[in-house]
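Trainee:
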Amino acid sequence: MENREEDVKVGASKFRERQAIGTAAQTERDYKEAPAAPLFEAGELKSWSFYRAGIAEFVATFLFLYITVLTVMGVKREPSMCSSVGIQGIAWAFGGMIFALVYCTAGISGGHINPAVTFGLFLARKLSLTRAIFYIVMQCLGAICGAGVVKGFEGNARYEMLGGGANVVNHGYTKGDGLGAEIVGTFVLVYTVFSATDAKRNARDSHVPVLAPLPIGFAVFLVHLATIPITGTGINPARSLGAAIIFNRDNAWDDHWVFWVGPFIGAALAAIYHQIVIRAIPFKTRA
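Numbering-wise (full-length UniProt numbering), the sequence shown opens with residue 1 and increments by one.
1. So the candidates are L123, T71, N248; which of them puts its Cα closest to the Cα of G95?
2. Starting from C140, trace the alpha helix (DSSP H) in both directions and tell me its first and last residue.
3. Output the distance between the C-alpha atoms of K200 and I183, rounded to the nearest integer angstrom.
4. Report the three-state DSSP secondary structure of I235 (helix, strand or coil).
5. Give a yes or no on whether the C-beta atoms belonging to G242 and A181 are separated by under 7 angstroms.
6. Indicate whether N167 and S240 have their beta-carbon atoms separated by less than 7 angstroms.
7. Given G54, which residues of its chain have a CB within under 6 angstroms of its CB, disregarding the five upstream and five downstream residues?
8. Roughly how many whole angstroms lie between the Cα atoms of F247 and R279?
9. Can you tell me where the alpha helix (DSSP H) with E182 in it begins and where it stops?
10. State yes or no: is the C-beta of A93 within less than 7 angstroms of the C-beta of T186?
11. Please name the residue in L141, T118, G172, T61 whose C-alpha comes closest to that of F264.
12. Counting C-beta neighbours from all protein chains within 10 Å, is the total for R158 16 or more, i.e. buried, or is it exposed?
13. Contact defined as beta carbons within less than 8 angstroms: I believe S128 pairs with E44. What is the distance between those atoms, to the nearest angstrom?
14. Please check the pair T61 and A252, which I expect to be a contact at CB under 8 angstroms, by giving their CB distance rounded to whole angstroms.
15. Just curious, the alpha helix (DSSP H) that S49 is in, first and last residue?
16. Rounding to the nearest angstrom, what Cα-Cα distance links L121 and A271 in this structure?
17. Whose C-alpha, out of A106, F259, A37, Y273, is nearest the C-alpha of R52?
18. I'd like to check one pair, A91 with F218: are the Cβ atoms closer than 7 angstroms?
19. Tell me the rounded alpha-carbon separation between L39 and F50.
20. Is S109 helix, strand or coil when you go by DSSP?
21. Please state if the CB of A196 and the CB of I216 are separated by a distance shorter than 7 angstroms.
22. For a test of the three-state rule: what should DSSP assign to L162, helix, strand or coil?
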């Protein structure tokens with residue numbers, strides 16, 4: 001069938017998009033918009049793939065907390081940053097684990113490993129509310145278990161002395177500073193997730209090969225470099241909750257709301273920006 005011009009429903013431009021100079025975008029490549037996920041999908045509760053995906057999120061978040069919190073503990077045990085992997089090493093641990101775990105679980109659960117990512121994708125109607133709630137619960141449980149295993153290895157006294165890897169707004173910064181850092185940091189992460197997994201972009205820009213876990217992990221690495229001095233970097237409510245529950249000291253709970261409100265606001269802004277602005281361009285497809 002002949003090609004036809006199809007506008008994205010929300011905020012689409014009615015003018016033909018000019019191809020960027022020096023590119024060879026394949027505008028003739030087939031693309032079909034995926035239908036929005038239903039708000040409630042009771043049938044999922046009878047599917048093994050639904051529970052398998054939840055188990056994958058649990059295990060991935062467990063491993064994420066295990067490796068990253070142990071890395072934080074190792075850095076804090078040393079007398080100086082120079083005698084350990086330092087902030088750069090912590091950032092690489094977080095970013096590297098996200099890269100590895102998203103690669104491992106993307107085909108099973110989508111590789112969220114973060115309630116903020118799940119929330120952003122839910123707002124974009126990429127998954128149902130049923131699945132979103134289930135994922136968030138499993139992610140939080142996995143995070144709690146991961147932090148618990150770290151405490152078992154470190155021992156109560158050493159774990160508490162080293163702060164348990166809990167996120168707090170560091171001295172010299174206000175709660176507003178911490179909230180802003182979490183909002184912007186999560187925006188960077190969730191925006192990268194949307195861009196790296198956008199089927200429409202992959203069809204239009206197929207001349208630019210993208211291994212989705214790589215930019216996502218790299219985004220986590222860069223955000224940690226920027227915000228570890230401010231909040232220790234949350235951008236993942238499950239990670240913050242797991243460490244706070246196992247550490248369970250007042251200073252871990254005083255600012256805990258920052259590590260839920262900030263990431264959820266950042267995820268919502270990224271979803272809105274990607275859906276309304278970035279994807280709102282005409283695209284040719286076969287009828």
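Note that the Cβ used here is the ideal one computed from N, Cα and C, for glycine as well.
Mentor: Let's see:
1. Of the candidates L123, T71, N248, the one whose C-alpha sits nearest the C-alpha of G95 is T71.
2. It spans 129-154 - the alpha helix (DSSP H) in which C140 sits, taken as one unbroken run.
3. Rounded to whole angstroms, the gap between the alpha carbons of K200 and I183 is 26 angstroms.
4. The three-state secondary structure of I235, taken from DSSP, is coil.
5. No, they are not a contact pair.
6. Remark: C-beta atoms of N167 and S240 approach each other more closely than 7 angstroms.
7. Short of 6 angstroms from the beta carbon of G54, and not among the five residues preceding or following it, lie these beta carbons of its own chain, in chain order: F134, M138.
8. Straight through space, the alpha carbons of R279 and F247 are spaced by roughly 42 angstroms.
9. Going by DSSP, E182 is part of the alpha helix (DSSP H) stretching over 175-197.
10. T186 is positioned such that its CB atom lies no closer than 7 angstroms to that of A93.
11. It is T118.
12. Classification for R158: exposed.
13. Going by Cβ atoms, the distance from S128 to E44 rounds to 7 angstroms, so yes, they are a contact pair.
14. Taking C-beta atoms under 8 angstroms as the contact rule, T61 and A252 fail to qualify, at a distance of about 18 angstroms.
15. Element bounds for S49: 48-77.
16. So the alpha carbons of these two residues sit roughly 7 angstroms apart.
17. For R52, the closest C-alpha among the options A106, F259, A37, Y273 is that of A106.
18. With respect to the 7 angstroms criterion, F218 and A91 are not classified as neighbours on the basis of their beta carbons.
19. Computed Cα separation, rounded: 15 angstroms.
20. In the structure shown, the three-state DSSP call for S109 is coil.
21. The answer is yes: Cβ separation under 7 angstroms.
22. Residue state, collapsed to three classes: coil.
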